[in-house]
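The block underneath contains the structure these notes are about, expressed in structure tokens.
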Amino acid sequence: MRRKKDRAWYAFFVFPLLFIFTTVVIVPFIIGIGYAFISWDGMPLNEKVFVGMKNFIRLFSDKRFISSAWHTVLFTVISVAVINILGLTFALVVTSNLKIRNAVRTMLFMPYLIGGLILGYIWKFIFTDLFKMIGETTGLDGFFFSWLLNPKFSLAAMIVVTTWQMAGYIMIIYINGIQGISEDIVEAAKVDGANFWQTLLRIKFPLIMPSFTICLFMTLSNCFKIFDVNVSLTGGGPNNSTEMMAMNIYNEIFSLNNFGYGQAKAIIFFIAVASITLIQVAITKKREVEM
Amino acid sequence: MKKIWKLLLSLLIIGFCLFYLFPIYIVVVNSFKDRQQLYSNMMAPPEVFTFEYYNTAIGKMNFLRAFGNSFIVTIVSIAFIVVLSSMTAWMLVRTNNKLSNIIFFIFVATMIIPFQTIMMPLMQIMGWIRDHLHIPMLNTLGGLIYMNVGFGASMAVFLYHGFIKSVPVSLEEAATIDGCNRFKVFWRIVFPMLKPTTVTVMILDVIWIWNDYLLPSLTLSDKAKRTIPLSTASFFGQFTIEWNLAMAGLTMTIIPVIIFYLAAQKYIVKGVAAGAVKL
Chain A
148 MRRKKDRAWY AFFVFPLLFI FTTVVIVPFI IGIGYAFISW DGMPLNEKVF VGMKNFIRLF
208 SDKRFISSAW HTVLFTVISV AVINILGLTF ALVVTSNLKI RNAVRTMLFM PYLIGGLILG
268 YIWKFIFTDL FKMIGETTGL DGFFFSWLLN PKFSLAAMIV VTTWQMAGYI MIIYINGIQG
328 ISEDIVEAAK VDGANFWQTL LRIKFPLIMP SFTICLFMTL SNCFKIFDVN VSLTGGGPNN
388 STEMMAMNIY NEIFSLNNFG YGQAKAIIFF IAVASITLIQ VAITKKREVE M
Chain B
364 MKKIWKLLLS LLIIGFCLFY LFPIYIVVVN SFKDRQQLYS NMMAPPEVFT FEYYNTAIGK
424 MNFLRAFGNS FIVTIVSIAF IVVLSSMTAW MLVRTNNKLS NIIFFIFVAT MIIPFQTIMM
484 PLMQIMGWIR DHLHIPMLNT LGGLIYMNVG FGASMAVFLY HGFIKSVPVS LEEAATIDGC
544 NRFKVFWRIV FPMLKPTTVT VMILDVIWIW NDYLLPSLTL SDKAKRTIPL STASFFGQFT
604 IEWNLAMAGL TMTIIPVIIF YLAAQKYIVK GVAAGAVKL
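Residue numbers (my numbering), protein chains in the order written: chain A, 148 to 438; chain B, 364 to 642.
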């Protein structure tokens, strides 16, 4: 009797969420694997044809997909580096004993709360009309021109906007890590004669390795999956030169109506995201020191 | 000497921060200008303040409607996520058996799946439910809320699970002896203690759901059901060249976010940090 009642309570507490979660995440994920092996244009009345591994083989000769993967890697590597360097620098300023530190934190974190789509639109104006105007009035038109018309500068624009959005967020995580370092250790180092750089490199950096793991994870996975900024800032252009993987998958499925082939890309995308982030966490976790 | 140096450094840093927020200045300033003024100097403050473009933008974006939709979707989704996830996480922690471990593992492991991997099959399933079970999952705010709850579940269960493990069982046992059933024990005793995690979950989910673009764009097709990111996107699709109008629209979408930020800054900064660190 007692066990039956316990089970009923268990189901009452767990089942509703588990049901929703299963229908929204688990079932689509499993069915999605199946879709990757068929050819279908998304029309309910049209036949779904089983094509085996063909979708996956086709990926390797898909120039547009391969170049989107290349942009994504390039974009991710540079963005992750810049965001973390900037975020860590901001965090060091905010944890200093300057009186302005709270105001600094407030201002630098603000862009993170504005969604990627909106940010992209804001910067679109800056990179096109404003840059052109600055170039025309100052004569520095080697740098100030419409960035979004040039493939390389468009990618740079993507990096700038993503950095602007994420650096403040990453700063918050580093601040948390730095504030977790006990004063005693820093004081002891100073007593032993360590200067600013020695305390920073030998004491603070090793002790914030856990924050480093988290920040790298967050920036890696966010940059690799970038979509909103891509849509609003460049739209993938000019000439697909800034089309990232997430957008390539979206276009393949919903614009070109290759549902099966697009889903095969989506599965590869999942495998890429999962392996990159897991490898990164495994590597940086090893370097964390216990206090 | 040291004081002067500190003052200079402070000024330099504040200057950098203002430069950092320069894009927001550009948007706000240009939202008040007419076309000619805007193109004569984009960085200067407006000569005359006119709210004309705000009026037009409010009409063209159907701003009030979109704001209402975003508000409903965000609030209701979060309410469901908080209630269902905290209940689930509590039961999973307090019933320590194989089944609980498996369920928890599934919630956590699936966090790594990118949305793009499941978006297409998800739409197929929701379409199937609509056609065969006659539940309107697509093109309704209710359907979007349902999916938000599904996508928010993992993170919320994970955060609650971590916190509940540190809450001692003794209070709950005492309440059970006093004759409270599980439902009462949870809502009267446990849930109030989970407040710090509840705040974290709410903050993280507000930022995510309020700004979410891709999922709503796939599910909502009616103009009247658009959320703020959707109405902004469709607005830009039509009026890219009319930048002063666009700036007014952007300013309006940013203002609620900034008000929310300045009002709840303490909780937001804490919540964002806690949400990331527990990982």
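Think of the CB as a built atom: it goes at the ideal place given N, C-alpha and C, for glycine as much as any other residue.
Going by the CB atoms, is the gap between I265/A and I621/B shorter than 9 Å?
no
Please confirm whether M318/A and L363/A have their CB atoms less than 9 Å apart.
no
I want to know whether the segment 222-241 of chain A touches the segment 524-543 of chain B - three or more CB-CB distances under 8 Å.
Under the 8 Å Cβ criterion, the segment 222-241 of chain A does not count as touching the segment 524-543 of chain B, having fewer than three qualifying pairs.
Within chain A, the residues that K369/B reaches when beta carbons sit closer than 8 Å
L245
Going by CA-CA distance only, name the one from I481/B, K629/B, A472/B and K369/B that's closest to I400/A.
Nearest Cα to I400/A within the set I481/B, K629/B, A472/B and K369/B: I481/B.
Taking the alpha-carbon positions, what's the L534/B to Y157/A distance?
19 Å
Excluding the five sequence neighbours on either side, which residues of its own chain have a C-beta within less than 7 Å of the C-beta of Q427/A, listed in chain order?
Hits under 7 Å: L363, F364 and L367.
Rounded to whole angstroms, what is the Cα-Cα separation between I377/B and Y388/B?
15 Å
Assign L380/A to one of two classes, buried (16 or more other C-beta atoms within 10 Å of its C-beta) or exposed (fewer than that).
Buried, because 16 or more other Cβ atoms sit within 10 Å of the Cβ of L380/A.
When the cut-off is 9 Å and only beta carbons count, does W550/B lie next to chain A?
no
Would you mind telling me which residues of chain A sit closer than 9 Å to N574/B, beta carbon to beta carbon, in chain order?
Correct list: L260, I261, G262, G263, L264, I265 and D375.
Can you confirm whether G655/B, when its beta carbon is compared against all beta carbons of chain A, has any partner nearer than 9 Å?
The first residue shown for chain B is 364 and the last is 642, placing residue 655/B beyond what the model contains.
State the Cα-Cα distance for the pair I350/A and R248/A, rounded to the nearest angstrom.
22 Å
So, helix, strand or coil for G197/A, using DSSP?
For the record, residue 197/A in the displayed sequence is Phe; it is not Gly. F197/A falls in the strand class under three-state DSSP.
Compute the Euclidean distance between the alpha carbons of L372/B and K366/B, then round it to the nearest angstrom.
10 Å
Give the residues of chain B in contact with D276/A, contact being defined as C-beta atoms less than 9 Å apart.
The answer, in chain order, is L401, Y402, M405 and W606.
Entirely enclosed alpha helix (DSSP H) segments - the segment 152-222 of chain A, minimum 4 residues
174-182 and 201-206
Please return the same chain residues whose Cβ sits closer than 6 Å to the Cβ of T275/A, not counting the five positions on each side in sequence.
By the criterion of a C-beta distance shorter than 6 Å, T275/A is surrounded in its chain by S293 and L295, once the five residues flanking it on both sides are discounted.
Within the same chain, show all residues whose beta-carbon is closer than 6 Å to that of P592/B, passing over the 5 residues directly before and after it, in chain order.
Y576
Taking just the CA atoms, how far does F514/B sit from T473/B?
10 Å
Put C543/B into one of helix, strand or coil per three-state DSSP.
coil
C-beta atoms of A420/B and L608/B nearer than 9 Å:
Judged by their CB atoms, A420/B and L608/B are nearer to each other than the 9 Å cut-off.
Report the rounded CA-to-CA distance for V520/B versus V161/A, giving the unit in angstroms.
C-alpha separation (whole angstroms): 11 Å.
Kindly list the residues whose CB is nearer than 6 Å to the CB of A611/B, restricted to its own chain and excluding five residues on each side of it in sequence; keep chain order.
S394, Y416, Y417 and A420
In chain order, what residues of the same chain have a beta carbon less than 7 Å from the beta carbon of P409/B, not counting five sequence neighbours either side?
V392, F395, K396 and Q400
So P175/A and P484/B are in contact, right, with Cβ under 8 Å, and what is the actual spacing, rounded?
4 Å
Can you pull the chain A neighbours of R545/B, defined as C-beta to C-beta under 7 Å?
W156
Check: Q326/A C-beta below 8 Å from any heavy atom of the ligand ADP
Among the ligands in the structure shown, none appear at all, so the ligand ADP cannot be discussed.
Beta-carbon gap between E435/A and M356/A smaller than 9 Å
yes
For K633/B and I527/B, what's the separation of their Cα atoms in angstroms?
19 Å
Rounding to the nearest angstrom, what Cα-Cα distance links F352/B and A216/A in this structure?
Summary: the structure shown does not reach residue 352/B, with chain B confined to residues 364 through 642, and so no result is reported for it.
Compile a chain-ordered list of the residues in the segment 503-523 of chain B whose CB is closer than 7 Å to at least one CB of chain A.
Y509, M510, V512, G513, F514 and A516
According to DSSP, is E334/A part of a helix, a strand, or is it coil?
helix
Return helix, strand or coil for H497/B, following the three-state DSSP convention.
DSSP places H497/B in coil when its eight states are reduced to three.
Using beta-carbon positions only, say whether G179/A and Q326/A come within less than 9 Å of one another.
no
Helix, strand or coil at I306/A according to DSSP, with G and I counted as helix
helix
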